[in-house]
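**Q**
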Amino acid sequence: MQETGGKNFQQCSNQVPGLVQRLYDRIKHEYPVARAVLDIDFEQEMYTALGSMYFVRSSSVDKVAQYNFEAGRYERLKDGIEMITKDLDKLPFVIKQKFPKHFWPSFRWGRKGFVHARFRYAQHYFDLVNVHLFHDENNLALIHENPNLYSANRQRALAFVLAHLKNTQNGHPSYSFLFGDLNFRLDSTRFLNQLTAATESHPIGDSDLPHGSVANCLNLNVPHEVQHSSSGHELENHLSLPTEQLRRTVSAIEFRREISDDSDSDQASERSFSKTNCVLRIEKKRFEYFNAKKLLQDWNEYLEFDFETKAFPELHEIPIDFPPTYPWSEDPAESNVLMKTRAPAWCDRVLMNERAWKLVKEGDASYQSFGQETCMGDHKPVYLCFAVTEQ
Numbered sequence: 025m026q027e028t029g030g031k032n033f034q035q036c037s038n039q040v041p042g043l044v045q046r047l048y049d050r051i052k053h054e055y056p057v058a059r060a061v062l063d064i065d066f067e068q069e070m071y072t073a074l075g076s077m078y079f080v081r082s083s084s085v086d087k088v089a090q091y092n093f094e095a096g097r098y099e100r101l102k103d104g105i106e107m108i109t110k111d112l113d114k115l116p117f118v119i120k121q122k123f124p125k126h127f128w129p130s131f132r133w134g135r136k137g138f139v140h141a142r143f144r145y146a147q148h149y150f151d152l153v154n155v156h157l158f159h160d161e162n163n164l165a166l167i168h169e170n171p172n173l174y175s176a177n178r179q180r181a182l183a184f185v186l187a188h189l190k191n192t193q194n195g196h197p198s199y200s201f202l203f204g205d206l207n208f209r210l211d212s213t214r215f216l217n218q219l220t221a222a223t224e225s226h227p228i229g230d231s232d233l234p235h236g237s238v239a240n241c242l243n244l245n246v247p248h249e250v251q252h253s254s255s256g257h258e259l260e261n262h263l264s265l266p267t268e269q270l271r272r273t274v275s276a277i278e279f280r281r282e283i284s285d286d287s288d289s290d291q292a293s294e295r296s297f298s299k300t301n302c303v304l305r306i307e308k309k310r311f312e313y314f315n316a317k318k319l320l321q322d323w324n325e326y327l328e329f330d331f332e333t334k335a336f337p338e339l340h341e342i343p344i345d346f347p348p349t350y351p352w353s354e355d356p357a358e359s360n361v362l363m364k365t366r367a368p369a370w371c372d373r374v375l376m377n378e379r380a381w382k383l384v385k386e387g388d389a390s391y392q393s394f395g396q397e398t399c400m401g402d403h404k405p406v407y408l409c410f411a412v413t414e415q
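Going by our numbering, the sequence shown opens with residue 25, and the numbers climb by one from there.
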């Protein structure tokens, strides 16, 4: 879990242990052994709001042990459920870290970080890392500043996690899984160009600011050498609107499509213009597309703009075959529609190293999101399910 306690964590964090206990009580006949590590002590400086729960099936209780990082050995879990909510930094069987503050001095230091646990099942060794990476703070910054502004921070943080895994190896080759709200987003330039074809952009807030289509309104600006990811994929050139004045004054950008005036009535034409010609409106925390239903239905058409994993060729993922996991409505009456806050994205993911990839492919894997018809917050969870033999 990420954001354990929810958005109102100061009021709701104390409800989390009871929720976990209720979950355990419902499945304990099949999963009698469990351990929950819940970072809900929000007054601590290193608070991450992460929660990791590990359930052991009854048929596997004698085969599962968790690694004690301090003692350097694997230990059996206690019977029943063990729930830890305090002093997580001192726990010997997990490593919890908040990402270093110096990574991004220009951004507010949030709660992002990871929790790492290591298990042995029979003769298999698993590294399970619950990760929460950084989100896109400002939709407009992706247009008039640097479209790679936030993805570069995520890349830096994920590289930090991979370095941690390498530095904590204990001699046994492991199956490594990194999962959680990775906050991966679509390539903003390509996605917007597809959505706003044959439109003109209209910055809102200063009538003297320049107009033009996405491609035309964004001036090409290459502040440093064009970067190449380790996969050989050439990253997009940096695009920005031209002036510091624009950055200060624009509160929204509308992409409008011209409408031919077939009516003799100027008034009718104005009504038509106001109702139908704005294809997309973007604000700091608003992303409003004129046909939200189509945007959701056609998710296959923009999955190709999901590039962030390509910076890490050593990580693998089962091909995605489910709708974007974010941002879904938090209104119980409209839980199956997207919110008009951000561009749709596959934020919630399960990645793995090469060794785990080979294991998963042999285990009849299923990789899906769920809760499409249920209000579960602005993210839809994902799961990866596969079978493992003892040999």
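We put the beta carbon where it would ideally sit given N, CA and C, even for glycine.
#1: Which class does arginine 135 belong to by DSSP, given the choice of helix, strand or coil?
#2: Where does glycine 42 fall in DSSP's three states?
#3: Return the chain-ordered list of same chain residues with a C-beta closer than 8 angstroms to the C-beta of lysine 136, the five sequence neighbours on each side being excluded.
#4: Going by beta carbon distance, what residues of the same chain come within less than 6 angstroms of valine 374, once the five residues before and after it are set aside?
#5: For proline 41, which residues in the same chain have their Cβ closer than 7 angstroms to its Cβ, ignoring the five residues on either side in sequence?
#6: Round the Cβ separation of leucine 206 and cysteine 371 to the nearest angstrom and send it over; I've been treating them as touching at under 8 angstroms.
#7: Where does proline 356 fall in DSSP's three states?
#8: Within the same chain, show all residues whose beta-carbon is closer than 8 angstroms to that of glycine 96, passing over the 5 residues directly before and after it, in chain order.
#9: Hey, is the stretch 183-191 in contact with the stretch 345-353, meaning 3+ C-beta pairs nearer than 8 angstroms?
#10: Would phenylalanine 66 and phenylalanine 33 qualify as a contact pair, given that the criterion is a beta-carbon distance under 7 angstroms?
#11: Is the number of C-beta pairs between the stretch 329-344 and the stretch 358-368 that are closer than 8 angstroms three or more?
#12: Let's see if you can read the secondary structure: which residues bound the alpha helix (DSSP H) around leucine 216?
#13: Assuming valine 57 is part of the beta strand (DSSP E), what are its boundary residues?
#14: I'd like the span of the alpha helix (DSSP H) that includes arginine 180, first residue to last.
#15: Mind checking which residues open and close the beta strand (DSSP E) that includes glutamate 307?
#16: Quick one: does glutamine 90 have its CB under 7 angstroms from some CB of chain B?
#17: Going by Cα to Cα distance, which pick from Leu219, Glu161 and Phe279 is closest to isoleucine 226?
#18: Reducing DSSP to helix, strand and coil, say where leucine 339 ends up.
#19: Helix, strand or coil for alanine 141, going by three-state DSSP, please let me know.
#20: Could you tell me the alpha carbon to alpha carbon distance between isoleucine 306 and alanine 389, rounded to whole angstroms?
#21: Going by DSSP in three states, isoleucine 228 sits in which element: helix, strand or coil?
#22: In or out: aspartate 103 buried (at least 16 other Cβ within 10 Å) or exposed?
#23: Sort Glu94, Trp352, Arg132 and Val57 by Cα distance to glutamate 161 and report the nearest one.
#24: DSSP three-state call for glutamate 282: helix, strand or coil?
#25: What does a CB cutoff of less than 7 angstroms around glycine 395 pick up in its chain, not counting 5 residues either side in sequence?
#26: Measure the alpha-carbon distance for histidine 252 versus glutamate 94 and round it to whole angstroms.
#27: Tell me the DSSP bridge mates of isoleucine 105?
#28: What's the call for glycine 29, buried or exposed, on a 16-neighbour Cβ count within 10 Å?
#29: Return the CA-CA distance between glutamate 386 and aspartate 322, expressed in angstroms with no decimal places.
#30: Can you say whether glutamine 147 is buried or exposed, counting buried as having 16 or more other CB atoms within 10 angstroms of its CB?
#31: Measure the C-alpha to C-alpha separation of alanine 222 and leucine 319 and round it to an integer number of angstroms.
#32: Go ahead and label serine 175 buried or exposed: buried means 16 or more other beta carbons lie within 10 angstroms of its beta carbon, across all protein chains shown.
#33: Looking only at its chain, what residues have a beta carbon closer than 7 angstroms to the beta carbon of arginine 100, apart from the 5 residues adjacent to it on each side?
#34: Which whole-angstrom value describes the C-beta separation of phenylalanine 79 and tyrosine 98, a residue pair presumed to lie in contact below a C-beta threshold of 8 angstroms?
#35: Using the Cα positions of isoleucine 228 and lysine 190, report the straight-line distance between them to the nearest angstrom.
#36: Between the alpha carbons of valine 44 and isoleucine 105, how many angstroms are there, rounded?
**A** Walking through what the data contain:
#1: Numbered from 1 along the sequence shown, position 111 holds the residue referred to as residue 135. Coil at arginine 135, not helix or strand.
#2: Against the sequence shown, residue 42 aligns to sequence position 18. DSSP places glycine 42 in helix when its eight states are reduced to three.
#3: In the sequence shown, counting from the first residue as 1, residue 136 sits at position 112. These residues qualify, in order along the chain: Thr72, Lys122, Phe123, His156, Leu157, Phe158 and Ala181.
#4: By 1-based counting over the sequence shown, the position of residue 374 is 350. So the qualifying residues of the chain are Phe203 and Leu408.
#5: Here residue 41 is taken as the residue at index 17 of the sequence shown, counted from 1. The answer, listed in chain order, is Leu62, Met107 and Thr109.
#6: Indexing the sequence shown from 1 puts residue 206 at position 182. Indexing the sequence shown from 1 puts residue 371 at position 347. Right, their Cβ atoms sit about 6 angstroms apart.
#7: Taking the first residue of the sequence shown as position 1, residue 356 is located at position 332. If DSSP states are grouped into helix, strand and coil, proline 356 belongs with the helices.
#8: Looking up residue 96 in the sequence shown gives position 72. Here the set comprises Asn194.
#9: Contact fails: fewer than three Cβ-Cβ distances are below 8 angstroms.
#10: One-based indexing of the sequence shown puts residue 66 at position 42. One-based indexing of the sequence shown puts residue 33 at position 9. Yes; because the gap between Cβ atoms is below 7 angstroms, this pair is in contact.
#11: no
#12: Here residue 216 corresponds to residue number 192 of the sequence shown, with the count starting at 1. Leucine 216 -> alpha helix (DSSP H) spans 212-219.
#13: Against the sequence shown, residue 57 aligns to sequence position 33. Per DSSP, valine 57 belongs to the beta strand (DSSP E) from 57-62.
#14: Counting from one through the sequence shown, the residue named residue 180 turns up at place 156. Start and end: 173-191.
#15: Numbered from its first residue, the sequence shown carries residue 307 at position 283. Element bounds for glutamate 307: 302-307.
#16: As a matter of chain content, chain B is missing from the structure shown, which is built from one protein chain.
#17: Within the sequence shown, numbered from 1, the residue matching residue 226 stands at position 202. According to the sequence displayed, residue 226 carries histidine and not isoleucine. Of the candidates Leu219, Glu161 and Phe279, the one whose C-alpha sits nearest the C-alpha of histidine 226 is Phe279.
#18: Locating residue 339 in the sequence shown gives position 315, counting from the first residue. In the structure shown, leucine 339 sits in coil (DSSP, three-state: anything other than H, G, I, E or B).
#19: As a first step, residue 141 is located in the sequence shown; it is residue number 117 there, counting from the start. In the structure shown, alanine 141 falls within a strand segment according to DSSP collapsed to helix, strand and coil.
#20: Working through the sequence shown from its first residue, we reach residue 306 at position 282. Working through the sequence shown from its first residue, we reach residue 389 at position 365. Each residue's alpha carbon lies about 38 angstroms from the other.
#21: The residue labelled residue 228 in the question sits at position 204 within the sequence shown. Strand at isoleucine 228.
#22: Within the sequence shown, the letter at position 79 stands for residue 103. By the neighbour-count rule (16 or more Cβ atoms within 10 Å), aspartate 103 is not buried but exposed.
#23: Locating residue 161 in the sequence shown gives position 137, where the first residue counts as 1. The shortest Cα separation from glutamate 161 among Glu94, Trp352, Arg132 and Val57 belongs to Arg132.
#24: Working through the sequence shown from its first residue, we reach residue 282 at position 258. Here glutamate 282 sits in coil by DSSP.
#25: Within the sequence shown, numbered from 1, the residue matching residue 395 stands at position 371. Shown here for glycine 395: same chain residues with a beta carbon closer than 7 angstroms to its own, the five before and five after excluded, namely Lys404 and Pro405 in chain order.
#26: In the sequence shown, the residue the question calls residue 252 occupies position 228. In the sequence shown, the residue the question calls residue 94 occupies position 70. Confidence in histidine 252 is poor, its pLDDT being 34 and thus under 50, which makes the residue's placement unreliable; the coordinate value appears in the next sentence. Distance between the alpha carbons of histidine 252 and glutamate 94 is about 39 angstroms.
#27: By one-based count along the sequence shown, residue 105 stands at place 81. DSSP, once it has assigned bridges, lists Ala58 as partnering isoleucine 105.
#28: Locating residue 29 in the sequence shown gives position 5, where the first residue counts as 1. By the 10 Å Cβ count, glycine 29 comes out buried.
#29: Position 362 of the sequence shown, counting from 1, holds the residue named residue 386. Position 298 of the sequence shown, counting from 1, holds the residue named residue 322. Rounded to the nearest angstrom, the two C-alpha atoms are 31 angstroms apart.
#30: Counting from 1 along the sequence shown, the entry for residue 147 is found at position 123. When all chains shown are included, glutamine 147 counts as exposed.
#31: As a working mapping, residue 222 is identified with position 198 in the sequence shown. As a working mapping, residue 319 is identified with position 295 in the sequence shown. Answer to the nearest angstrom: the Cα atoms are 17 angstroms apart.
#32: Looking up residue 175 in the sequence shown gives position 151. Per the 10 Å Cβ criterion, buried.
#33: Looking up residue 100 in the sequence shown gives position 76. Around arginine 100: Ala89.
#34: Residue mapping note: residue 79 aligns to position 55 of the sequence shown, counting from 1. Residue mapping note: residue 98 aligns to position 74 of the sequence shown, counting from 1. Going by Cβ atoms, the distance from phenylalanine 79 to tyrosine 98 rounds to 18 angstroms, so no, they are not a contact pair.
#35: If you number the sequence shown from 1, residue 228 lands on position 204. If you number the sequence shown from 1, residue 190 lands on position 166. Looking at the two C-alpha atoms, the distance is approximately 48 angstroms.
#36: For this step, residue 44 is matched to residue 20 along the sequence shown. For this step, residue 105 is matched to residue 81 along the sequence shown. One C-alpha to the other measures close to 10 angstroms.
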